[in-house]
Every structure is written in structure tokens, then in C-alpha cells.
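Here's the structure we're looking at; comments come further down.
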């Protein structure tokens, strides 16, 4: 079961979401997702989840266009940190190269 179950693959050509596994929200931290897509993405979407008492909940959200905000750079740092951890754990050389390329493109240092 993916993060975006109802995304129309015809309208969205590329969909990358980091982290690929959404963490447990009971950790009392904010939920941060970053990603990239090409094509048409709906301006309205729903977030569905399960509360600790095992009841379902749904939140309706609206996407706002980022004007004059360097969203690419903001998201890049989080993606670099996440992908670096994944590369270390999996010892994936291609993933390490991807992290290095992303770091150079956005001016962030990676390990």
C-alpha cells in the first residue's frame, strides 16, 4: 500500500516522496513530507490515518503554490539527510551517488 493510493499515473509522470515510509505520529514531532512531481497534481487531497484508539480519521488539505520560497532547497536538505541514512543502512552505492549529486545541485554538504 503506497503513500499516494489515488494518484492518477497518467497525470503525474514522476512522484518521489521522502520519507517513503511515513513515521508514527505518536512521537510528538511534526510530520514533514517532501517530494517532487511532474504533471498535474490535485490542489485538494485527504490525509487518512488511524488514531491510537484505533479509530479512523480524515483531514482535508489544500496545496498552496509556493511563491518566492526556495522550496527545492528547503526540501533538498531533508531529502539528503533521509537518503544518506538509507544509503548507510543499505550500503547502496547508487544511492550514495544520488545523495552526492543532490548535495552538489543544492549546495548542501552531505556525509
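Numbering (my numbering), first residue to last: 198 to 308. Backbone N, C-alpha and C define an ideal beta-carbon position, used for all residues, glycine too. Because the structure is a prediction, the values reported are computed rather than measured.
query                                                                                                   : result
Contact between the segment 247-262 and the segment 274-292 (3+ Cβ pairs under 8 Å)                     : no
Beta carbon of residue 300 nearer than 8 Å to that of residue 277                                       : yes
Contiguous alpha helix (DSSP H) assignments of at least 4 residues, all confined to the segment 224-303 : 268-287, 290-303
Neighbour-count burial assignment, residue 247, 16 or more Cβ in a 10 Å radius                          : exposed
Residues near residue 242 in its chain [Cβ-Cβ closer than 6 Å; skip 5 each side]                        : 258
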